[in-house]
Every structure is written in C-alpha cells, then in structure tokens.
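Presented below is the structure to which this report refers.
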Amino acid sequence: MHNKHHDLKNEELADTGHRWQMQALLNINEAKLHAIFNNVLDGIIIIDKHGIIKSLNPSAEKIFGYPPEELIGQSINRLMPEPDRSRHDSYIAEYLAGGNAKIIGVGREVYGLRKDGPVFPMALGVSEVNVEGCHLFIGTVHDISQYKQAEDALRKLSRHLELAREEERALIARVIHDELGGFLAGFKMDLGWLSKQLSADLPKYHEKAAVMTQHVDNAIKALRKIMTDLHPDFLDHFGLLAAIDWHVEKFRQQTGMECLLTAPEDTVEIDKKRSTAIFRIIQEALNNIVLHAMATKMSIDISVVDDVFLMRIMDNGCGMTPAQMDKAGSYGIKGMIERARFFEGEFTLEGLPGQGVLLNLRMPLQPSENGGHHD
C-alpha cells in the first residue's frame, strides 16, 4: 500500500513536471512568435470577420503612421482610400457567405491611406485562420512607394532615350531634306535657265530639258512624300503633346532661349500621320528660329477647338519680309505649308523686320467627308 501511494505520487510529480516543460516550451515559442511579429519588416494586421482590427505590429504602425491605440478596435477600412473603403465590408460579407475572394491567398497591388493623408501603393497579401472558433484574417503589407518611384524613373529614362534616338533620326532626315531639297531646287533653276538659252530651232534639246525638269519635279515630290510619311515611333508610345513638350524642353536646354509652352492637359486624339505632320512643322519652325531669327524668346500656344488643332508659334527675333518668305530657296517654309495642306490645314506666317514672326497652324483632327488629303 505504501509502495502504491509512493508510485502514484511519483507519477503526479512527473506529470506536473511534463506540464511545466510543455508550458515553458509554449512560452518560449510564443515569445519567438511575438519577437518575429514585432520585428518583421512587413506590416502585419489581424482583423476579425467584421473587419475590426484586433492586432498590428510595429511595422504596420510605422507604415500607416498610427499608434496601436488609435487602430485596435477600429475598422480596417480606416486605412483604405475610396472606393475600397466603402466596398471592403461587402467584400468580407460576400466571402463569408460563400462567394469568391479577390485577394485571399493571392497577393496584389492596392493603395493604402496614411494617417497624415497621402495615398500610397502597397503589396497586400491576406490569409485566414480559425483560432478557438474565432475567424481571423491576417494581412501582410509591404510599402512599394520607392519601388514605384524607381519604376517611374526608369520609364521616364526609357522615354527620354527613345525620344533622343528619334530626335537623332529626325535631325538626319532634316539634313537630307535641306541638302537634297536645296540641290534639287538649284538644279531645277539651272535647267530653267539653260532652257531659256536654247534657240527655238533646237526642239530635241528643249524636249530633253523638259523631261529632265519633270524628273527633278518628281524627285522633289518623292522627297516631300518621304518626309511627310516619316513617322516618329515615340508619337505612338507617348502621344503628340508629350513629344512636343519634350522637344521644346530640349530646345530650351540647347539654345538657352526662354520658351513657353501652353497646351491642353488632356490627350489629343489624332491619327499618326497628322501628329507626325504637326511634330515636323514644330521641328522645322524651331530650327528656323535657331538659324535665322536671332531670338531670345519663343512661345508655343496649342489648343483644340471644335475638333480642330490650333497652334501659334511666336518669337521676338529679327522678323521676315514677304520677299524673304517667298524666295525660291525657302523650302523649310514651303515644306510646312505643304504638310498643312496635305491634311486640309492652313499654315500662315506673319512677320515684320525687327518684330519677330508669328506662325499659325490650323489642322482638322479628322479628315473631311470629301477625302481629306491633298496631293
């Protein structure tokens, strides 16, 4: 009897020791989990099935800018901008009722709302657990603001590199246009002079001169068509207004000239060929300002009225006389006029010596019903 009692007591002591060991182990594991919870870099927020915040770690406090006492017991939608704020409770209710979750177990990019007001991008992952019959959702939050800023910077750099490459191609095209166009124009003038020197009793020579003149005219038309059809790739990617903005800024940096660009904030819906023609006109106009105007200021005013693209380019340079505008070698001006006319537009120049030049362009955004293009 004594031995039985002694054995029972030993078993009780052993069982108690085992429970103490288990409790100690649980305490150690809980301490480890608590340490992880408090020190992990990502924010962790635990909410119940009603969307009420039950717990959050220091990283979440730092990300959203709230002390824990201002969030625990509050709805999670406090940390969301609209429209997610208004929709969140219905998301939880729909999911608990057996609907499909849009985010449970799947990470996605969403926006959070800090205490001081700014909205910021974040990566959010949500999982669910049941603890002693209590349905909980655990959200992990990673602030990706810096990543997005870096992504935007890379996108802008890529855009500038692409625009720079296109600007180089455009410069080459302008050189070809100016050099070859000038050569062809001079050749045509020489042929005209030569034809006038021939006596009337040399019909074969007059015929040959006429044929050569026609060949030159065809070459000039082909050159103009090439320049008209040449389409900068970046206009597809960034749009006409962005391309103009970049080109004007580059012009300002290269020349040191004071430049003012006024343009609509909204995107201009315009087809590729028209946007190319407008961009080429601006390139030619700014090129002329650099080469001939001796200006210190330049402004471009762009607007869209009744589906018509309107543009005014003005400088404070030396100006031009009508004779200078009409002289035979002014292929830059004539090229701009041709580009505008090709798309049913109007191009005019106004200038007086010493008072600068005003360029006006008016071009429909869409072709008219009777055709649209002029040959």
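If you use my numbering, the sequence shown corresponds to residues 1489 to 1863, in order.
Heads up, the beta-carbon is just placed ideally off N, CA and C, and yes, glycines get one too.
Of the listed residues the options, nearest to residue i (C-alpha basis)
| i | options | result |
| --- | --- | --- |
| arginine 1573 | Leu1601, Ser1547 and Ile1560 | Leu1601 |
| isoleucine 1534 | Arg1575, Glu1616, His1576 and Val1528 | Glu1616 |
| proline 1546 | Lys1537, Pro1556 and Lys1644 | Pro1556 |
| isoleucine 1626 | Asp1678, Ile1541, Ala1783 and Pro1852 | Ile1541 |
| serine 1563 | Arg1575, His1538, Pro1569 and Glu1570 | His1538 |
| leucine 1682 | Glu1667, Phe1671, Ala1698 and Leu1672 | Ala1698 |
| glycine 1674 | Lys1684, Tyr1693 and Val1704 | Val1704 |
| serine 1633 | Ile1551, Gly1621 and Tyr1693 | Ile1551 |
| alanine 1783 | Val1528, Phe1835, Leu1846 and Val1756 | Leu1846 |
| glycine 1823 | Ile1769, Lys1785 and Gly1744 | Ile1769 |
| glutamate 1597 | Leu1853, Lys1603 and Pro1609 | Pro1609 |
| histidine 1623 | Asp1754, Ala1581, Glu1639 and Gly1595 | Ala1581 |
| alanine 1695 | Ile1708, Ala1707 and Gly1680 | Checking the sequence shown, residue 1695 turns out to be glutamate, not alanine. Answer by Cα proximity: Gly1680. |
| aspartate 1789 | Ile1758, Pro1752, Ser1763 and Thr1809 | Pro1752 |
| leucine 1774 | Ile1732, Glu1549 and Glu1570 | Ile1732 |
| proline 1841 | Gly1744, Met1808 and Pro1606 | Met1808 |
| glycine 1820 | Met1851, Leu1779 and Phe1797 | Leu1779 |
| arginine 1612 | Ile1777, Met1568, Ser1578 and Gln1637 | It is worth fixing the name first, because residue 1612 is leucine in this sequence and not arginine. The shortest C-alpha separation from leucine 1612 is found at Met1568. |
| glutamate 1834 | Phe1797, Pro1810, Tyr1693 and Met1813 | Phe1797 |
| aspartate 1754 | Lys1603, Val1792, Phe1831 and Val1528 | Val1792 |
| asparagine 1618 | Ala1641, Phe1739 and Asp1536 | Asp1536 |
| threonine 1836 | Met1799, Leu1853 and Gln1854 | Met1799 |
Simplified DSSP assignment, three categories, for residue i
| i | result |
| --- | --- |
| phenylalanine 1835 | strand |
| threonine 1628 | strand |
| proline 1752 | coil |
| serine 1542 | Here the sequence assigns lysine to residue 1542, which means serine is not the residue at that position. Strand. |
| lysine 1692 | helix |
| tyrosine 1599 | strand |
| proline 1841 | coil |
| glycine 1823 | helix |
| proline 1555 | coil |
| leucine 1686 | coil |
| glutamate 1757 | coil |
| proline 1810 | helix |
| serine 1646 | helix |
| serine 1856 | coil |
| valine 1528 | coil |
| glycine 1680 | helix |
| glycine 1505 | At glycine 1505, the pLDDT of 48 sits below 50, so the modelled position is not reliable and the matter cannot be decided from this model. |
| aspartate 1733 | helix |
| aspartate 1604 | coil |
| glycine 1727 | coil |
Range of the contiguous beta strand (DSSP E) that encloses residue i
| i | result |
| --- | --- |
| alanine 1611 | 1607-1619 |
| lysine 1760 | No beta strand (DSSP E) contains lysine 1760, which is instead part of the alpha helix (DSSP H) from 1760-1776. |
| isoleucine 1533 | 1531-1536 |
Limits of the unbroken alpha helix (DSSP H) element including residue i
| i | result |
| --- | --- |
| proline 1571 | Run containing proline 1571: none; DSSP gives neither H nor E here. |
| aspartate 1795 | Neither: aspartate 1795 is in no alpha helix (DSSP H) and is coded neither H nor E. |
Cβ neighbour criterion (16 or more within 10 Å) applied to residue i
| i | result |
| --- | --- |
| methionine 1677 | exposed |
| glycine 1805 | buried |
| glycine 1669 | buried |
| tyrosine 1599 | exposed |
| aspartate 1803 | buried |
| aspartate 1631 | buried |
| alanine 1688 | exposed |
| alanine 1816 | Because alanine 1816 carries a pLDDT of 43, less than 50, the predicted location of this residue cannot be relied on, and no value is offered for it. |
| proline 1702 | For the record, residue 1702 in the displayed sequence is glutamine; it is not proline. Glutamine 1702 is exposed by the Cβ-count criterion. |
| arginine 1827 | buried |
| valine 1629 | buried |
| alanine 1781 | buried |
| leucine 1584 | exposed |
| tyrosine 1554 | buried |
| arginine 1575 | exposed |
| arginine 1762 | buried |
| threonine 1764 | buried |
| leucine 1849 | buried |
| alanine 1548 | buried |
| glycine 1844 | buried |
| valine 1607 | exposed |
| glutamine 1771 | buried |
DSSP beta-bridge partners of residue i
| i | result |
| --- | --- |
| glutamate 1582 | The partner list for glutamate 1582 (beta bridge, DSSP) is empty, contrary to what the question assumes. |
| leucine 1846 | Met1802 and Glu1838 |
| glutamate 1746 | Lys1785 |
| serine 1563 | Ile1540 |
| methionine 1851 | Phe1797 |
| histidine 1780 | Histidine 1780 pairs with nothing; no bridge assigned. |
| histidine 1623 | Asn1618 |
Distance cut-off 6 Å: residue i Cβ against heavy atoms of the ligand COA
| i | result |
| --- | --- |
| isoleucine 1732 | For the ligand COA, the structure offers nothing, since it holds no ligand at all. |
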